[in-house]
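Trainee: What follows is a structure written as structure tokens; I'll ask about it next.
2 protein chains.
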Amino acid sequence: MMTKEETEKFKQELKERGYKLTPQRRAILNVIIENEGRHLSPEEIYEFVKKECPEIGLATVYRTVQLLEKMGVLYRMNFDDGVSRYELVKNTADHQHHHLVCLKCGSIEEVEDDLLEVLEDKIAQKYDFFIKNHDVKFYGFCKKCRK
Amino acid sequence: MMTKEETEKFKQELKERGYKLTPQRRAILNVIIENEGRHLSPEEIYEFVKKECPEIGLATVYRTVQLLEKMGVLYRMNFDDGVSRYELVKNTADHQHHHLVCLKCGSIEEVEDDLLEVLEDKIAQKYDFFIKNHDVKFYGFCKKCRK
DNA sequence: TTAACTAATGAAAATATTTTTCATTGGGGT
DNA sequence: ACCCCAATGAAAAATATTTTCATTAGTTAA
Numbered sequence: 012m013m014t015k016e017e018t019e020k021f022k023q024e025l026k027e028r029g030y031k032l033t034p035q036r037r038a039i040l041n042v043i044i045e046n047e048g049r050h051l052s053p054e055e056i057y058e059f060v061k062k063e064c065p066e067i068g069l070a071t072v073y074r075t076v077q078l079l080e081k082m083g084v085l086y087r088m089n090f091d092d093g094v095s096r097y098e099l100v101k102n103t104a105d106h107q108h109h110h111l112v113c114l115k116c117g118s119i120e121e122v123e124d125d126l127l128e129v130l131e132d133k134i135a136q137k138y139d140f141f142i143k144n145h146d147v148k149f150y151g152f153c154k155k156c157r158k
Numbered sequence: 012m013m014t015k016e017e018t019e020k021f022k023q024e025l026k027e028r029g030y031k032l033t034p035q036r037r038a039i040l041n042v043i044i045e046n047e048g049r050h051l052s053p054e055e056i057y058e059f060v061k062k063e064c065p066e067i068g069l070a071t072v073y074r075t076v077q078l079l080e081k082m083g084v085l086y087r088m089n090f091d092d093g094v095s096r097y098e099l100v101k102n103t104a105d106h107q108h109h110h111l112v113c114l115k116c117g118s119i120e121e122v123e124d125d126l127l128e129v130l131e132d133k134i135a136q137k138y139d140f141f142i143k144n145h146d147v148k149f150y151g152f153c154k155k156c157r158k
């Protein structure tokens, strides 16, 4: 649950862009915060948020996650399971961390963004390509599924 | 265009799995080979292949690229543009190479799979995760678009 | 506090991609 | 040449997402 200060800050950020703070938007952001690390899809967010906001429509969830993505609050991911999934942007790092996707159970583990700078520098030089961000997924089998 | 030997080899690989060599399958694979490096979507493949096979249906293209993916001939990619895209699997490497995706013009450049082994080893050890493959995309601005 | 402006909403329809169904065709082994 | 069943095309269905549109409700300013 967002604190009063967090809500105020969110409201302020919306205001700066001419958007409004609605109960629906607050509830959606709350659901995402409370499920940090779970990479929810719009449909899943919808199911959670209906408990708080039973009258909410799925379209509003879609509209809101897109808004939050534009605001830099969320990051959209594709794990090839047919839906978009969202996670909170860590304001500590400018690049997104990596993900370990288990081919058996589908679990998604987060891995610190590491060791890629060397590769990025090499690419920037060799291909004359300015890298803004990366999307790095490792597919394989997690600890549990290897037993 | 596939040579006669390549066609024979393809037919053989199909046979091993109980599949048949149809004109449609040959034509689809031809289109993909002739457009190597272009990362065609099923719809795009369909447009090309219709020149050779005007009676072909889009469903056959979808079915065939899935088949070729299962056979290890193609690799399915997602560049977040709303469609799946396919590329030929290089039989030289067991891991897929990286891609540079330009955020301005949408061009996709291929980059040799490099420097990631160190990171993969580290992850395998630290997270007890067996890595089968990776999906590495760098988003940024290409040479042309930076001018 | 209220009035007014307009962004946001819910419901439903529309869109886009991909998959499935089903009757028919045709590859390839015998 | 015949048979079997995999493969096909066309259409319908399924799925995820976006858009439309009439209505509601935040926010600002009087």
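Chains as they are written, first to last, in my numbering: chain A, 12 to 158; chain B, 12 to 158. Every residue gets a Cβ at the ideal spot worked out from N, C-alpha and C, and that includes glycine. Since this is a predicted model, take the numbers as computed values, not measurements.
Are the CB atoms of Leu111(A) and Phe140(B) within a distance shorter than 8 Å?
Mentor: Yes. Within cutoff.
Trainee: For Tyr150(B), which residues does DSSP report across the bridge?
Mentor: Answer by DSSP bridge pairing, in chain order: Asn144(A), Val112(B).
Trainee: If you draw a straight line from the C-alpha of Arg28(B) to the C-alpha of His106(B), how long is it?
Mentor: C-alpha separation (whole angstroms): 24 Å.
Trainee: Comparing the C-beta of Glu128(A) with each C-beta of chain B, is any distance below 8 Å?
Mentor: Cβ-Cβ to chain B under 8 Å: no for Glu128(A).
Trainee: Around the Cβ of Glu54(A), are there at least 16 other Cβ atoms within 10 angstroms (buried) or fewer (exposed)?
Mentor: Per the 10 Å Cβ criterion, exposed.
Trainee: Would you give the residue range spanned by the alpha helix (DSSP H) that Leu85(B) belongs to?
Mentor: Per DSSP, Leu85(B) belongs to no alpha helix (DSSP H); it is in the beta strand (DSSP E), 85 to 89.
Trainee: What are the partner residues of Tyr97(A), as DSSP defines its beta bridges?
Mentor: Paired residue(s): Leu51(A), Arg87(A).
Trainee: What does a CB cutoff of less than 8 Å around Lys115(B) pick up in its chain, not counting 5 residues either side in sequence?
Mentor: Here the set comprises Phe152, Cys153, Cys156.
Trainee: Which chain B residues sit within Cβ distance under 9 Å of Leu111(A)?
Mentor: Result: Ile134, Tyr138, Phe140, Ile142.
Trainee: Can you pull the chain A neighbours of Val100(B), defined as C-beta to C-beta under 9 Å?
Mentor: Those do not exist, as Val100(B) stays about 15 Å from chain A at its closest Cβ, beyond 9 Å.
Trainee: Which of the three DSSP states, helix, strand or coil, is assigned to Glu123(B)?
Mentor: Correct three-state label for Glu123(B): coil.
Trainee: Does the separation of the CB atoms of His145(A) and Tyr97(A) fall below 8 Å?
Mentor: Not closer than 8 Å, so no.
Trainee: Run down chain A in chain order and give the residues with a C-beta less than 8 Å from the C-beta of Leu114(B).
Mentor: By Cβ distance, chain A contributes Lys143.
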